[in-house]
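Under our numbering, the sequence shown has 186 at position 183, and the numbering climbs by one with no breaks.
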Amino acid sequence: MDRATGWEILTEYVQDSGLRRHMLAVEAAMRWYAERLAGDPESWGLAGLLHDFDWEIHPTTEQHPADGAPILRERGCPEDVVKAILAHNTAGSGVAPSAAMDYALCACDEVTGIIIAGAYVRPQKDVRVMKAKSVKRNWKDKHFCAAVDRQEVTEATAAFSEQCFDGKLQLWEHIANVLAAMQGVAAELELDGRMAS
Ligand SMILES: [Fe+2]
Ligand SMILES: [Fe+2]
């Protein structure tokens, strides 16, 4: 499955622009890490791009992404990508992360939400002017983007670090990496200043 096919599936199943943006952000973070961990950027990117593709048709954590997996297989999605997607919700799917790609997806998923929300509250609406430091400030404000479970991100990052970085990837470094990845696709995310107020 190539990226164009992945995008077709995404736009077929996901109408909400915020959810599309979320998937694009996670895709960028996954590609960023694939390049540094000798992963296949196409597979890792697809896992990010499609991980929540079925949320609008399966909007509960019991259904999502377990019930979406057969659709992805039918559409030709490689099994390692399907598995990474299943493993981003172990509680619902029964599939635990085991490959580097799986751990990366768990660590990159929610953290993009804080960065996107941070870009929105700034008048520039441009992810490229953001600094890791300001994301850190937002992170520490527990009322900011409260839907993002800090504890969950911390744990997923620690597991990813353990598996792929000998425990040396710190949370703030991870956040800076995801920010850098997202800055690289600012236009795709429409967070390149076009909505500046
Ligand atoms: Fe999800
Ligand atoms: Fe997600």
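Cβ atoms here follow ideal geometry from the backbone N, Cα and C, with glycine treated the same way.
The alpha helix (DSSP H) that contains residue i, what's its start and end?
| i | result |
| --- | --- |
| PHE163 | 153–167 |
| ASP195 | Looking at the DSSP string, ASP195 is not in any alpha helix (DSSP H), and its letter there is neither H nor E. |
| THR14 | 6–16 |
| GLY116 | 114–124 |
| HIS146 | It is not in any alpha helix (DSSP H) - HIS146 carries neither H nor E in the DSSP assignment. |
| SER96 | 93–96 |
| VAL181 | 174–186 |
| GLU65 | From DSSP, GLU65 is part of no alpha helix (DSSP H); its letter is neither H nor E. |
| ARG23 | 20–39 |
| VAL84 | 82–89 |
| SER46 | 44–53 |
| ALA72 | 72–77 |
Please classify residue i as buried or exposed, where buried requires at least 16 neighbouring CB atoms within 10 angstroms.
| i | result |
| --- | --- |
| SER200 | exposed |
| GLN166 | buried |
| ILE60 | exposed |
| ALA159 | buried |
| HIS177 | buried |
| HIS25 | buried |
| GLY21 | exposed |
| GLY170 | exposed |
| ARG34 | buried |
Kindly say whether residue i, judged by its beta-carbon, lies nearer than 9 Å to any beta-carbon of chain B.
| i | result |
| --- | --- |
| VAL181 | Any reference to chain B falls outside this structure, which holds one protein chain only. |
Confirm, please, whether the CB-CB distance from residue j to residue i is below 9 Å.
| i | j | result |
| --- | --- | --- |
| ALA122 | ASP129 | yes |
| VAL156 | ALA110 | yes |
| LEU194 | MET185 | yes |
| ASP57 | LYS86 | no |
| LEU49 | GLU30 | yes |
| ALA103 | ALA90 | no |
| VAL84 | SER46 | yes |
| PRO68 | SER96 | yes |
| VAL181 | VAL151 | no |
| MET4 | GLY79 | yes |
| TYR36 | ALA107 | yes |
Looking only at C-alpha atoms, which of the options sits nearest to residue i?
| i | options | result |
| --- | --- | --- |
| VAL188 | ARG131, SER20, ALA94 and LEU75 | ARG131 |
| HIS54 | ASP112, GLY42, THR8 and ASP152 | ASP112 |
| ASP19 | TYR36, PRO62 and ARG39 | PRO62 |
| ARG6 | GLY51, ALA32 and GLU65 | GLY51 |
| ILE74 | TYR16, ALA183, GLU65 and ILE178 | TYR16 |
| LYS143 | LEU27, SER164 and ILE117 | ILE117 |
| PRO81 | GLU65, THR8 and PHE147 | THR8 |
| LEU40 | PHE163, ARG23, ALA28 and THR93 | PHE163 |
| LEU192 | LEU13, GLU11, ARG23 and TRP10 | ARG23 |
| MET202 | SER101, GLY196, PHE147 and LEU172 | Residue coverage of the chain in this structure runs from 4 to 200, which leaves residue 202 outside it and unanswerable. |
| LEU27 | GLY42, TRP10 and ASP43 | TRP10 |
| ALA179 | ILE12, PHE147 and ALA32 | ALA32 |
| ILE12 | LEU172, ALA94, ALA72 and PHE147 | ALA72 |
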